[in-house]
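Asker: Supplied in structure tokens, the structure appears directly below.
Number of protein chains: 2
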Amino acid sequence: MIAKNMEFLVKNSSAIRAMFEEGKKMAAEVGPENVFDFSLGNPNVPAPEEVGQAVRDLINEGDPVSLHGYMNNAGFEDVRQKVAENLNRRFGTSFAVRNILMTVGAAGGLNVILKALLDPGSEVLVFAPFFGEYRWYVQNHGGVLVTVPAELKKFQLDLESAEKLITEKTRAVILNNPNNPSGVVYSEETIRKLSDLLVRKEREFASSIYLISDEPYRELAYDGVEVPYLTKYYHNAVIGYSWSKSLSLPGERIGYLVLPDELDGAEEIQSAAVTANRILGFVNAPSLIQKVVGNCLDAEVNLAFYDQNRKALCEGLKECGFSFVKPEGAFYLWLKSPVEDEKAFVAAAKKYHILLVPGSSFACPGYVRIAYCVAYEKIQRSMDGFRKLAAEYGLC
Amino acid sequence: MIAKNMEFLVKNSSAIRAMFEEGKKMAAEVGPENVFDFSLGNPNVPAPEEVGQAVRDLINEGDPVSLHGYMNNAGFEDVRQKVAENLNRRFGTSFAVRNILMTVGAAGGLNVILKALLDPGSEVLVFAPFFGEYRWYVQNHGGVLVTVPAELKKFQLDLESAEKLITEKTRAVILNNPNNPSGVVYSEETIRKLSDLLVRKEREFASSIYLISDEPYRELAYDGVEVPYLTKYYHNAVIGYSWSKSLSLPGERIGYLVLPDELDGAEEIQSAAVTANRILGFVNAPSLIQKVVGNCLDAEVNLAFYDQNRKALCEGLKECGFSFVKPEGAFYLWLKSPVEDEKAFVAAAKKYHILLVPGSSFACPGYVRIAYCVAYEKIQRSMDGFRKLAAEYGLC
């Protein structure tokens, strides 16, 4: 009864629901406090107090007709102006109102730019490991996803493989920095090399290749690691952002796209993206929350919360004898499975009520993702299970 | 540089922008108080006080993590339960949580159900005059729009033409009740006949034909006219709703889909729709505002405001000698152009600073749409211009 291309997805979502049900059953058996669910990337830090205050002020002082009303499909001009100024101050860019398009989260933004750019059969390059939803976003708009295999040494980018996979049909490249699931930040060196490659390929094919940077984790970088701002390195870069993680507002669906004037066909793309925002059914980013984030651009991210978890997790797992990629950003740790079949490892972890996500879900088997956006105390108390799990595999 | 199928749309949106610029220029010349802009369907009644109070209460008492956090992609269970109970009480239905999917407005909901149902080449029937965006929503998901010509007597449905246009590829029919742009409410008799036709055609083709009812104007019906609740008349009916008009929250992007258990393949469709909500990039309806509408289901719509405008406009236009369809719902009046080329009429109206939308935009030339969701005083003061316009065409 449903669309053919939805059938796989619906089956898949039953699998996720089954996993969720299993977790609930586990919680009922041993108590929720003894289930260590590292499977979900859901911030559990509350939104900063500035958010609540901004909502109150707007409701008390704002005009309800304009506060909850339609605006230009690109978003409120004053909010777009504030976002542009904030970026310019922080990154030395020179964006104006026309370069900012307010979106229904980063997921909305990605769909908008893909709708604006892709023709049937257009190819979109992604680097493994990658957030699995990109596959569906590309498919939504008739594109074909092309996966660059993971660079297994440092989980930066395998640009040699990428070079072979870029064709005249390559319309876009999606990058996620800091990366979900690896927790890696792509370095300035990596970004420069990627930019060089894309410029070279644009010349070779006389084409425009748009680099779409998905950056919901931009503010979550530790130890002073810098996350390069892509538009400074590549002329055809589009940035997708969301306040889901930085202000802990994932349910509110609020983010933006940066569409620089340096893009090939900038004006046309800006116009197409605004139109795509409308016709995809988003219409505009939710109005009240647009104004709220506009008033909270300088609110501090509670980085210390995640950093404490990160350090405890790294130390604990190291002691257990696990190998993992050093997490520099986001709130994910990318653990090497002690056995090739990481799904077996994920299954074994369940015995200790530890829930992990297999790397296959991110096109990178042999690894598992640990989302450490949980209570600190959970990390500490999970270590006993991790130790037993490590012992089972002869790691300690 | 942009997707081929976006080129027409981008050109078209420049035309709209040009119109908007023209309006601004007009306002600068004669003063905004002397421009009678009847072109936009933007409610200008403020949201009821309950909305502001619900926001305050939630921010003051709610837990910010869950208030702004992810929930099931279908929406908060408690809100879905309240919506189901509210519908059951008002319409004698028997919906449960699983039948309600919270969406990013009605536009989001329509895209979700079309994504869930359409295969490439699936046909979707619409009845002229119709909201022009339906064309793009259907195209987004690979469908083909099939237009049933308008029934010009009463602007109910031309079911004889529809009968000829339904094929084995017809997957869905979109109905908009009350109708934008005609202001007509499709009667119970019309709905019964439509239902009979669809049942007959389902048998003929051994197919399932889903009737998608787009109902953002449901609460805006005048003189006690009843808007039939579609699920009571047809087994394969899906309802799309939005609080944009009833609570004056168009910018907030909040609505729902009703996916009854009576649908062929109900469970599969419910699951596909939730998945579509996720992968289209909506992810979920905005969280805070979900809770807000859940607490405002019994807030009164300010129908009197629109009704006063409707009456003044009807009386005034009648006196001028114009012909129009009796507006029973929404906030639109559907005026017969005194000349066949309604675009010439729209142009002539501009001389009197009256802005109208030509019927061609709704696949129904020869008519123009007047959106009367404006200040009452504007209606009164526009009458002088309407009179002169009528005189120009020899109507009075």
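Top line first, the protein sequences correspond to chains S and E. With my numbering, the residue at position 205 of the first sequence is 205, and numbering never jumps. To get my numbering, take the position in the second sequence, counting from 1, and add 1000. Think of the CB as a built atom: it goes at the ideal place given N, C-alpha and C, for glycine as much as any other residue.
In terms of alpha-carbon separation, which member of 1213(E), 1065(E) and 1368(E) lies closest to residue 374(S)?
Answerer: Residue 374(S) has its Cα closest to that of 1065(E), out of 1213(E), 1065(E) and 1368(E).
Asker: Cutting at 7 Å between CB atoms, please list the residues of its own chain near residue 115(S), excluding the five before and the five after it.
Answerer: Counting only Cβ-Cβ distances below 7 Å, and skipping sequence neighbours, we find 141, 276 and 280.
Asker: When you compare the region 1315-1335 of chain E with the region 1071-1091 of chain E, are there three or more beta-carbon pairs, one atom per stretch, that lie closer than 8 Å?
Answerer: No, because fewer than three Cβ pairs between the region 1315-1335 of chain E and the region 1071-1091 of chain E fall closer than 8 Å, the two stretches do not touch.
Asker: At the 8 Å Cβ level, is residue 275(S) part of the contact set with chain E, yes or no?
Answerer: Closer than 8 Å to some Cβ of chain E, the Cβ of residue 275(S) qualifies, so yes.
Asker: Taking 8 Å as the limit between beta carbons, can you name the residues of its chain near residue 1223(E), skipping five residues before and five after?
Answerer: Taken in chain order, the residues that qualify are 1328.
Asker: Between residue 326(S) and the rest of its own chain, which residues show a CB-CB distance below 7 Å, the 5 nearest in sequence each way excluded?
Answerer: Cβ neighbours of residue 326(S) beyond the five flanking positions: none.
Asker: Looking only at its own chain, which residues have a Cβ that is under 6 Å from the Cβ of residue 287(S), when we skip the five neighbours before and after it?
Answerer: Around residue 287(S): 68.
Asker: Between which two residues does the alpha helix (DSSP H) containing residue 386(S) stretch?
Answerer: Counting along the chain, the alpha helix (DSSP H) containing residue 386(S) begins and ends at 376-392.
Asker: Give the DSSP-derived three-state secondary structure of residue 1176(E) in the structure shown.
Answerer: In the structure shown, residue 1176(E) sits in a strand (DSSP, three-state: E or B).
Asker: So what's residue 1334(E) in DSSP terms, helix, strand or just coil?
Answerer: Residue state, collapsed to three classes: strand.
Asker: Can you list the alpha helix (DSSP H) stretches of 4 or more residues lying completely in the region 1025-1096 of chain E, in chain order?
Answerer: Qualifying alpha helix (DSSP H) stretches, in chain order: 1049-1061, 1064-1067 and 1077-1091.
Asker: Taking its Cβ as the centre, do 16 or more other Cβ atoms sit within 10 Å of residue 308(S), making it buried, or is it exposed?
Answerer: Under this definition residue 308(S) is an exposed residue.
Asker: By DSSP, does residue 1167(E) sit in helix, in strand, or in coil?
Answerer: Correct three-state label for residue 1167(E): coil.
Asker: Could you tell me if residue 1218(E) is buried or exposed, where buried requires 16 or more neighbouring beta carbons within 10 angstroms of its beta carbon?
Answerer: With 16 or more other Cβ atoms within 10 Å, it is buried.
Asker: Take the Cβ of residue 32(S) as the centre, count every other Cβ of all protein chains shown within 10 Å, and call the residue buried at 16 or more, exposed below.
Answerer: Exposed is the call here.
Asker: Using a Cβ cut-off of 8 Å (strictly closer), state whether residue 1361(E) contacts chain S.
Answerer: False, the Cβ-Cβ gap to chain S never drops below 8 Å.
Asker: In whole angstroms, give me the CA-to-CA distance for residue 2(S) and residue 271(S).
Answerer: Answer to the nearest angstrom: the Cα atoms are 33 Å apart.
Asker: Enumerated in chain order, which unbroken segments of the beta strand (DSSP E) with a length of 3 residues or greater are wholly contained in the region 1243-1288 of chain E?
Answerer: As far as the region 1243-1288 of chain E is concerned, its whole beta strand (DSSP E) runs of at least 3 residues are 1255-1258.
Asker: Between residue 282(S) and chain E, is there a C-beta pair that is closer than 8 Å?
Answerer: It does; some Cβ of chain E falls within 8 Å.
Asker: Which residues, in order along the region 1308-1325 of chain E, keep a beta-carbon less than 9 Å from a beta-carbon of chain S?
Answerer: Against chain S - using a Cβ distance shorter than 9 Å - the region 1308-1325 of chain E contributes no residues.
Asker: State buried or exposed for residue 254(S), treating a residue as buried only when at least 16 other CB atoms are found within 10 Å of its CB.
Answerer: Its Cβ being crowded by 16 or more others within 10 Å, residue 254(S) is buried.
Asker: Could you tell me which of 239(S), 356(S), 208(S) and 185(S) sits nearest to residue 41(S), measuring between CA atoms?
Answerer: Among 239(S), 356(S), 208(S) and 185(S), the Cα nearest to that of residue 41(S) is on 356(S).
Asker: Mind listing the chain S neighbours of residue 1119(E)? Cutoff is C-beta to C-beta under 7 Å, in chain order.
Answerer: Result: 3 and 4.
Asker: Helix, strand or coil for residue 372(S)? Go by DSSP, reduced to three states.
Answerer: Coil.
Asker: Compare the C-alpha of residue 1129(E) against each of 1378(E), 1300(E), 1366(E) and 1389(E) and name the closest.
Answerer: Residue 1366(E) is the option with its Cα nearest to residue 1129(E).
Asker: Give me whichever residues DSSP pairs with residue 210(S) in a beta bridge.
Answerer: Looking at the DSSP assignment, residue 210(S) forms a beta bridge with 172(S).
Asker: In chain S, which residues lie with their C-beta within 7 Å of the C-beta of residue 1235(E)?
Answerer: None at all; the shortest Cβ gap to chain S is about 13 Å.
Asker: Which chain E residues are close to residue 295(S), counting only those with a beta carbon under 8 Å from its beta carbon?
Answerer: Simply none; closest approach about 14 Å.
Asker: Is residue 182(S) buried or exposed, if buried means 16 or more other CB atoms sit within 10 Å of its CB?
Answerer: Burial call: buried.
Asker: Using the beta-carbon count (16 or more within 10 Å), is residue 1016(E) buried or exposed?
Answerer: Exposed, by the Cβ-count rule.
Asker: For chain S, is any of its Cβ atoms less than 8 Å away from the one on residue 1334(E)?
Answerer: So, not an interface residue.
Asker: With a Cβ-Cβ cutoff of 8 Å, do residue 1163(E) and residue 1228(E) count as a contact?
Answerer: No. Outside cutoff.
Asker: Round the Cβ separation of residue 282(S) and residue 104(S) to the nearest angstrom and send it over; I've been treating them as touching at under 8 Å.
Answerer: About 5 Å separates the two Cβ atoms, so the contact holds.
Asker: Should residue 1268(E) be flagged as near chain S, meaning a C-beta pair shorter than 8 Å?
Answerer: Answer yes: the Cβ-Cβ gap between residue 1268(E) and chain S drops below 8 Å somewhere.
Asker: When the Cα atoms are used, what is the spatial distance from residue 126(S) to residue 361(S)?
Answerer: Taking the straight line from one Cα to the other gives about 14 Å.
Asker: Per DSSP, what kind of secondary structure is residue 234(S) in: helix, strand or coil?
Answerer: The answer is coil: DSSP assigns residue 234(S) none of H, G, I, E or B.
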